[in-house]
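Taking it in order: structure first as structure tokens, then the write-up.
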Amino acid sequence: SQTIHQWPATLVQPVGSPLSLECTVEGTSNPNLYWYRQAAGRGLQLLFYSVGIGQISSEVPQNLSASRPQDRQFILSSKKLLLSDSGFYLCAWRPKGAQGQPQHFGDGTRLSIL
Amino acid sequence: DAKTTQPTSMDCAEGRAANLPCNHSTISGNEYVYWYRQIHSQGPQYIIHGLKNNETNEMASLIITEDRKSSTLILPHATLRDTAVYYCIVRPSNTGNQFYFGTGTSLTVIP
């Protein structure tokens, strides 16, 4: 079966520090991959998605970037964190091909900026 | 994506069936109905989805009305671990990437 892993689960970082969040998927190949952010008490906002290695699309302008160095690895980064980057970051995957397939989410990383 | 309407909150007695309604009166013919739930501090968990026919899996059943304007998620024997926020999402199968999570229904299973 397929599984998705995110780490770390929680992270506290000072303003201006760099960021690297990692997401890996197991049990599937060539998935679509997604990064979302969920602000407290609000819905999910899609940040980036990727349909293949090195292919990244950004949904909203922001202080973050994403990379996909391997088929099942998706990384969310920042060179200098802002207070507004605090939130709950979720990685998701979805298989290609069959219509109507759902996205499957990881357990998320809770990021606090001080 | 079609808009969905769900009750803000519901209670259910442990061991009883939990029936969570969702209204999606503007749904289009190519839009699927998806259900997710989110337990505090965890990522959304996929439950079930369907297009026209009723669906059942190991977690739940999805009943879609014949006109597809509403649906009901049924948890047959609710347990305390089913306490969560449940989201009904309607979207086309072949366009866009964002799954839009609204405010959902906060289900509390009572012992």
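Respectively, the protein sequence lines represent chains A and B.
For the first sequence, our numbering assigns the number 1 to the initial residue and increments by one for each residue that follows.
For the second sequence, our numbering assigns the number 1001 to the initial residue and increments by one for each residue that follows.
Glycine included, every Cβ here is placed at the ideal spot set by N, Cα and C.
Keep in mind the model is a prediction, meaning the values are calculated, not measured.
Same chain, Cβ closer than 7 Å to residue i, neighbours up to 5 away in sequence not counted
i	result
A/SER1	GLY27
Spatial neighbours of residue i in its chain, beta-carbon cut-off 8 Å, leaving aside the 5 residues before and after
i	result
A/ILE53	ARG68, PRO69, GLN70, ASP71
A/HIS104	GLN2, ILE4, ALA92, TRP93, ARG94
B/THR1072	ASN1019, LEU1020, PRO1021, CYS1022, LEU1062, ILE1063
A/PRO18	SER77, SER78, LYS79, LYS80, LEU81
Reference residue i; option with closest CA among the options
i	options	result
B/ILE1027	B/TRP1035, B/THR1004, B/PRO1044	B/THR1004
B/MET1059	B/HIS1049, B/PHE1099, B/ARG1068	B/HIS1049
B/THR1079	B/PRO1007, B/THR1008, B/GLN1006, B/CYS1012	B/CYS1012
B/PRO1076	B/SER1070, B/CYS1022, B/ILE1063, B/LYS1069	B/ILE1063
B/ILE1074	B/PRO1111, B/TRP1035, B/GLU1031, B/VAL1090	B/TRP1035
B/SER1025	B/SER1061, B/TYR1032, B/ASP1067, B/ASN1054	B/ASP1067
B/ILE1047	B/ASN1057, B/GLY1102, B/GLY1029, B/LYS1069	B/ASN1057
A/THR82	A/PRO14, A/ARG37, A/THR10, A/GLN6	A small correction: the amino acid at residue 82 of chain A is Leu; Thr does not occupy that position in the sequence shown. Looking at the Cα atoms, A/PRO14 is the closest of the given residues.
A/THR10	B/ASN1030, B/ARG1037, B/SER1041, B/ASN1054	B/SER1041
A/ARG37	A/GLN6, A/ASN30, A/PRO31, A/LEU46	A/LEU46
A/PRO31	A/LEU44, A/TYR89, A/GLY97	A/GLY97
Nearest-angstrom Cα separation, counted from residue j out to residue i
i	j	result
B/GLY1043	B/GLU1014	24 Å
B/GLN1098	A/SER20	23 Å
A/GLN62	A/CYS23	20 Å
A/SER84	A/ALA39	10 Å
A/ARG42	B/ARG1016	30 Å
A/SER50	B/PRO1111	43 Å
A/VAL25	A/GLN73	7 Å
B/THR1065	B/PRO1092	18 Å
B/THR1103	A/GLN101	22 Å
B/VAL1090	B/ASN1030	10 Å
A/ARG110	B/CYS1088	24 Å
A/GLN6	B/THR1083	24 Å
A/PHE187	A/SER57	Not covered by the structure: residue 187 of chain A. The range shown for chain A is 1 to 114.
Residues of its chain near residue i, where Cβ-Cβ distance is below 6 Å and the 5 sequence neighbours each way are ignored
i	result
A/LYS80	GLY16
B/THR1105	GLN1006, PRO1007, MET1010, LEU1020, TYR1086
A/SER112	VAL12, SER86
A/SER65	SER77
Beta-ladder partner(s) of residue i, from DSSP
i	result
A/ASN32	A/ARG94
B/PHE1101	DSSP, once it has assigned bridges, lists no residue as partnering B/PHE1101.
B/MET1059	Looking at the DSSP assignment, B/MET1059 forms no beta bridge with any residue, so it has no partner.
A/ARG110	A/THR10, A/PHE88
Runs of 3 residues minimum, wholly inside the region 1012–1050 of chain B: which ones carry the beta strand (DSSP E) assignment? 1018–1023, 1031–1038, 1045–1050
Scan the region 57–89 of chain A for residues whose Cβ lies nearer than 9 Å to a Cβ of chain C and list them as they occur along the chain. Given the protein chain composition of this structure (A and B), no chain C is represented.
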